[in-house]
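In our numbering, each number is its position in the sequence shown, counted from 1, plus 344. Okay, structure first, notes after.
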Amino acid sequence: MVTPELPRARTYAYGKDRAQRVDVYWRKTEPGAAPRPAVLILHGGYWLHGDKAGWKYFARRLTEEGFVVLSANYRLAPRAQWPAQRDDAMSALAFLKDNAVRWNLDPQRVAVVGASSGGHLATQLGTFGTGSAQVRGVVALSPVTSPSLAYHDGGKPTATPSQRKLRGAVTALLNCVPGVSADEECLAKLEDSNSASHASTGDAPMLLMHTAGDFVPISHSNALAGALTAAGVPATVKGLDGDMHASGLLAGEKTYPTILAWLKERLRPGS
């Protein structure tokens, strides 16, 4: 019996900063093989922490399905303030496309998957500028699509510890306090960080998922999906049972098949 070859994995720099690194997962192909679709993964962690290595298992599963996968780190707050995180996500995406020949991938068939704050960045890639020109689709688990809403919810008397932490993370991300006395520069950064503010006809289709007890409520995705739908962009919001958050939604094998089927449909040739 022939043992299948394990996916190759290697770390590359896509920028000069120590945080600007990607782990690339791919399988060797025969000469002349058709280019493969690709997925860029963006980890969560309140924009404050987290690491690409946490998505190793998911990345390897996708390579088994014929995808080339890049899992990216990016500059974190408070050392780097918004929009450095979006800039890094865009740079990682450009690195992926610039190296299409190296990994035999199709630069026109790329999707991005993100969770929590990484889901926020994923939705930014799908909406900022002409999102569909950058990625073919976005899958976001528990995405913080609206830092404005996160800041507001974290200040409520009923806010959970995680929501209060997220409120503080928004101020670290923006390097300002977006309250009633905030200056115009702070409010402009806050608006720019809200993914729905960039929604337009040219955006990428999205699959957005939350659990019922998620501390990032489904209202984040409902608002973004509403803006996308109004612009004629397909957007699906799925509510799930339980209280898992971000990559926790992948536990139990109920969510992964849905994500995989969606990615295959969006990234099939000619779609």
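Glycine is no exception: its CB is placed at the ideal position from the N, C-alpha and C atoms.
Short CB-CB distance (under 8 Å) between residue i and chain C
{"i": "residue 448", "result": "Here chain C cannot be found, since the structure has a single protein chain."}
Sequence-distant residues of the same chain with beta carbon closer than 8 Å to residue i, five excluded per side
{"i": "residue 477", "result": "546"}
DSSP state of residue i mapped onto helix, strand, coil
{"i": "residue 452", "result": "strand"}
{"i": "residue 495", "result": "helix"}
{"i": "residue 347", "result": "At residue 347, the pLDDT of 44 sits below 50, so the modelled position is not reliable; the number obtained from the coordinates is stated separately. Reduced to three states, the DSSP call for residue 347 is coil."}
{"i": "residue 367", "result": "strand"}
{"i": "residue 392", "result": "coil"}
{"i": "residue 353", "result": "strand"}
{"i": "residue 467", "result": "helix"}
{"i": "residue 484", "result": "strand"}
{"i": "residue 556", "result": "coil"}
{"i": "residue 382", "result": "strand"}
Reference residue i; option with closest CA among the options
{"i": "residue 419", "options": "541, 429, 410, 412", "result": "429"}
{"i": "residue 461", "options": "505, 352, 590, 521", "result": "590"}
{"i": "residue 380", "options": "447, 398, 442", "result": "447"}
{"i": "residue 538", "options": "578, 582, 464", "result": "464"}
{"i": "residue 583", "options": "602, 408, 518, 449", "result": "602"}
{"i": "residue 554", "options": "526, 587, 598", "result": "587"}
{"i": "residue 494", "options": "571, 433, 567, 401", "result": "567"}
{"i": "residue 409", "options": "484, 599, 351", "result": "351"}
{"i": "residue 613", "options": "387, 390, 411", "result": "411"}
{"i": "residue 377", "options": "389, 440, 450", "result": "450"}
{"i": "residue 434", "options": "452, 479, 598, 498", "result": "479"}
{"i": "residue 498", "options": "490, 511, 491, 492", "result": "511"}
{"i": "residue 517", "options": "490, 503, 444", "result": "490"}
{"i": "residue 595", "options": "353, 387, 357, 401", "result": "401"}
{"i": "residue 604", "options": "483, 362, 355, 453", "result": "483"}
Contacting residues, own chain, Cβ-Cβ under 7 Å from residue i (five flanking each side not counted)
{"i": "residue 406", "result": "383, 413"}
{"i": "residue 506", "result": "559"}
{"i": "residue 346", "result": "Summary for residue 346: the model assigns pLDDT 39, below 50, so the residue's position carries little reliability; its value from the coordinates is reported in the next sentence. No residues qualify anywhere along the chain."}
{"i": "residue 573", "result": "579"}
{"i": "residue 526", "result": "520"}
{"i": "residue 581", "result": "552, 562, 565, 566, 569"}
{"i": "residue 361", "result": "419"}
{"i": "residue 363", "result": "417, 418, 419, 420"}
Boundaries (first-last residue) of the beta strand (DSSP E) holding residue i
{"i": "residue 601", "result": "Here residue 601 belongs to no beta strand (DSSP E); instead the alpha helix (DSSP H) covers 600 to 610."}
{"i": "residue 582", "result": "579 to 584"}
{"i": "residue 512", "result": "Per DSSP, residue 512 belongs to no beta strand (DSSP E); it is in the alpha helix (DSSP H), 505 to 518."}
Sequence-distant residues of its chain with Cβ nearer than 6 Å to residue i (five each side left out)
{"i": "residue 472", "result": "542"}
{"i": "residue 560", "result": "486, 488"}
{"i": "residue 481", "result": "455, 548, 549, 610"}
{"i": "residue 415", "result": "367, 385, 396, 399, 403"}
{"i": "residue 557", "result": "587"}
{"i": "residue 607", "result": "455"}
{"i": "residue 425", "result": "519"}
Span of the alpha helix (DSSP H), counted from its first residue to its last, around residue i
{"i": "residue 594", "result": "Taken as a continuous stretch (DSSP letters only), residue 594 belongs to no alpha helix (DSSP H), as it is neither H nor E."}
{"i": "residue 564", "result": "563 to 574"}
{"i": "residue 377", "result": "Careful: residue 377 lies outside any alpha helix (DSSP H) and carries neither H nor E."}
{"i": "residue 532", "result": "528 to 537"}
**OP:** Would you list, in sequence order, the uninterrupted beta strand (DSSP E) runs of no fewer than 3 residues that lie entirely inside the segment 407 to 461?
**Re:** 412 to 416, 449 to 459
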